[in-house]
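Undergrad:
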Amino acid sequence: MTTDVTSGRRAAPGAEWAAPGLDLSAYLARIGHSGPVQPTGETLHVLHRAHVATIPFENLDVVLGRGVAVDVDSVQAKLVDRGRGGYCYEHATLFAAVLERIGFSVERLLARVGEDEVRPRPRTHMALRVRSDDGDWLADVGFGNALLEPIPWGESGPRPQGGWTYRMLRGTEDTWLVQEQASEGWRTLYRLIEEPVHASDVVMANHFTSTHPSSPFVGQAVAVRKHDDVFVRLRGRTRTLVRADGSVDERDLTDEDVAALLRDDVGLPLDDAELARLQGTLPPAP
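In terms of UniProt numbering, the sequence shown opens at residue 1 and continues consecutively.
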């Protein structure tokens with residue numbers, strides 16, 4: 001429980017994450033879900049898959065100089081009302097608010113991306129621990145190249161999802177490794193830290209991710225879509241296809257190809273002015 005510093009009163013747990021402006025019906029329409037919305041494991045799986053299949057991962061507002069807001073109202077306006085995508089803080093903020101509105105208990109967590117334990121990266125990823133009627137789940141709709149569905153929280157063994165396989169392993173006493181099976185073995189995507197996260201922590205992490213020169217999302221466009229059998233990524237002008245069998249196809253795109261990829265493969269409704277501004281940030285065309 002936290003304290004409301006303006007009144008001295010004790011605030012209810014989760015009050016800092018309250019989202020009275022959330023339009024649940026609009027969100028469900030955005031992801032194409034017309035089924036039940038009870039706080040069950042089945043509902044969680046269906047919503048997670050629909051979210052990943054519908055709302056892309058992208059950082060275009062960063063490279064267009066607009067900045068990124070991570071309050072629920074701003075995220076809803078962008079990802080739901082305007083049909084755009086976003087990166088982890090935006091996806092996780094929206095999905096957590098939706099789940100809590102439905103009746104799930106949600107814990108927000110930050111993570112360090114990558115495997116380097118000697119020189120660990122800052123906490124620049126956000127994922128969710130969700131409690132349902134049939135146990136706890138790791139839900140992550142905002143990593144880009146990650147889960148299509150939730151996986152059971154804890155060391156429950158490999159979990160196939162389409163052509164991909166994931167698992168959680170205990171790291172240190174307060175961390176969990178989230179791993180993907182690759183051709184060379186298990187690869188750590190990120191290290192979740194079991195420590196309470198406040199809204200101010202997300203604001204700070206988002207500021208670093210959207211402004212710091214060492215952030216992978218500053219200075220180059222990134223847009224991603226993941227399917228059961230293939231992962232599609234645009235980074236700068238380079239399009240990469242990673243298939244579930246491990247094969248990789250990579251090539252540089254023309255301006256016209258970039259526009260087509262964003263529209264048709266990623267699903268981003270950019271207007272002509274936005275496309276022109278974006279193309280002005282890309283490396284020279286091949």
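Ideal placement from N, C-alpha and C gives every residue a C-beta, glycine not left out.
Bear in mind the structure is a predicted one, so any value in this text is a computation, not a measurement.
Less than 8 Å between the CB atoms is what I'm expecting for proline 150 and histidine 33, so what's the real figure, rounded?
TA: Locating residue 150 in the sequence shown gives position 150, counting from the first residue. Locating residue 33 in the sequence shown gives position 33, counting from the first residue. The pair is not a contact, with the Cβ atoms about 15 Å apart (cut-off 8 Å).
Undergrad: Where do the N-terminal and C-terminal ends of the beta strand (DSSP E) with proline 54 fall, by residue?
TA: For this step, residue 54 is matched to residue 54 along the sequence shown. Looking at the sequence shown, residue 54 is not proline but threonine. That residue, threonine 54, is in no beta strand (DSSP E); its alpha helix (DSSP H) goes 41 to 54.
Undergrad: Which class does tyrosine 166 belong to by DSSP, given the choice of helix, strand or coil?
TA: The residue given as residue 166 occupies position 166 in the sequence shown. Residue state, collapsed to three classes: strand.
Undergrad: Is any heavy atom of the ligand FAD found at a distance shorter than 8 Å from the C-beta of leucine 253?
TA: Looking for the ligand FAD in the displayed structure turns up nothing, as the structure carries no ligands at all.
Undergrad: Using 9 Å as the threshold, is the C-beta distance between glutamate 100 and tryptophan 17 below it?
TA: Numbered from 1 along the sequence shown, position 100 holds the residue referred to as residue 100. Numbered from 1 along the sequence shown, position 17 holds the residue referred to as residue 17. Contact flag set, yes.
Undergrad: Taking the alpha carbon of serine 132 as the reference point, which residue from Thr43, Arg82, Val203 and Val141 has its own alpha carbon closest?
TA: Counting from 1 along the sequence shown, the entry for residue 132 is found at position 132. The residue with the shortest Cα to Cα distance from serine 132 is Thr43.
Undergrad: Using C-beta distances below 6 Å, list every residue in its chain close to valine 24, excluding the 5 sequence neighbours before and after it, in chain order.
TA: Start at 1 with the first residue of the sequence shown, and residue 24 comes out as number 24. Note that residue 24 is leucine in the sequence shown here, rather than valine. Around leucine 24: Arg101.
Undergrad: Judging by CA-CA distance, which residue of Arg237, Gln76 and Gly85 is the nearest neighbour of proline 284?
TA: Here residue 284 is taken as the residue at index 284 of the sequence shown, counted from 1. Nearest option by C-alpha distance: Arg237.
Undergrad: Can you say whether proline 56 is buried or exposed, counting buried as having 16 or more other CB atoms within 10 angstroms of its CB?
TA: Locating residue 56 in the sequence shown gives position 56, where the first residue counts as 1. Buried, since its Cβ has 16 or more Cβ neighbours within 10 Å.
Undergrad: In the DSSP assignment, find the beta strand (DSSP E) that holds glutamine 279 and state where it starts and stops.
TA: Counted from its first residue, the sequence shown places residue 279 at position 279. From DSSP, glutamine 279 is part of no beta strand (DSSP E) but of the alpha helix (DSSP H) over 272 to 279.
Undergrad: Please classify leucine 169: is it buried, with 16 or more other beta-carbons within 10 angstroms of its beta-carbon, or exposed?
TA: Working through the sequence shown from its first residue, we reach residue 169 at position 169. The residue is exposed, with fewer than 16 neighbouring Cβ atoms inside 10 Å.
Undergrad: For chain D, find out if any of its Cβ atoms is closer than 9 Å to the Cβ of serine 183; answer yes or no.
TA: No chain D appears in this structure, which consists of one protein chain only.
Undergrad: Would you mind giving the Cβ-Cβ distance between valine 197 and leucine 109, rounded to the nearest angstrom? I have them listed as a contact below 8 Å.
TA: If you number the sequence shown from 1, residue 197 lands on position 197. If you number the sequence shown from 1, residue 109 lands on position 109. Indeed they touch by this definition, with Cβ atoms about 6 Å apart.
Undergrad: Please classify valine 62 as buried or exposed, where buried requires at least 16 other C-beta atoms within 10 Å of its C-beta.
TA: Looking up residue 62 in the sequence shown gives position 62. It counts as buried.
Undergrad: Just checking my contact of alanine 97 with valine 70 at CB under 8 Å: how many whole Å lie between their CB atoms?
TA: Locating residue 97 in the sequence shown gives position 97, where the first residue counts as 1. Locating residue 70 in the sequence shown gives position 70, where the first residue counts as 1. Wrong, their Cβ atoms sit about 11 Å apart, outside the cutoff.
Undergrad: Can you give me the C-alpha to C-alpha distance between arginine 129 and proline 286, rounded to a whole angstrom?
TA: Taking the first residue of the sequence shown as position 1, residue 129 is located at position 129. Taking the first residue of the sequence shown as position 1, residue 286 is located at position 286. One C-alpha to the other measures close to 44 Å.
Undergrad: Using the Cα positions of isoleucine 193 and alanine 15, report the straight-line distance between them to the nearest angstrom.
TA: Numbered from 1 along the sequence shown, position 193 holds the residue referred to as residue 193. Numbered from 1 along the sequence shown, position 15 holds the residue referred to as residue 15. Each residue's Cα considered, the two are about 22 Å apart.
Undergrad: Contact between the region 198 to 209 and the region 121 to 128 is defined here as three or more beta-carbon pairs at a separation below 8 Å; is this criterion met?
TA: Counting Cβ pairs under 8 Å, three or more are found: they touch.
Undergrad: Classify residue 289 as buried or exposed, calling it buried when 16 or more other Cβ atoms lie within 10 Å of its own Cβ.
TA: Residue 289 is absent from the model: the chain starts at 1 and stops at 286.
Undergrad: Can you tell me where the alpha helix (DSSP H) holding arginine 263 begins and where it ends?
TA: One-based indexing of the sequence shown puts residue 263 at position 263. Note, arginine 263: premise wrong, no alpha helix (DSSP H); not H, not E.
Undergrad: Are the beta-carbon atoms belonging to aspartate 228 and alanine 244 less than 9 Å from one another?
TA: For the purposes of this step, residue 228 is identified with residue 228 of the sequence shown, where counting begins at 1. For the purposes of this step, residue 244 is identified with residue 244 of the sequence shown, where counting begins at 1. Taking 9 Å as the Cβ cut-off, aspartate 228 and alanine 244 qualify as a contacting pair.
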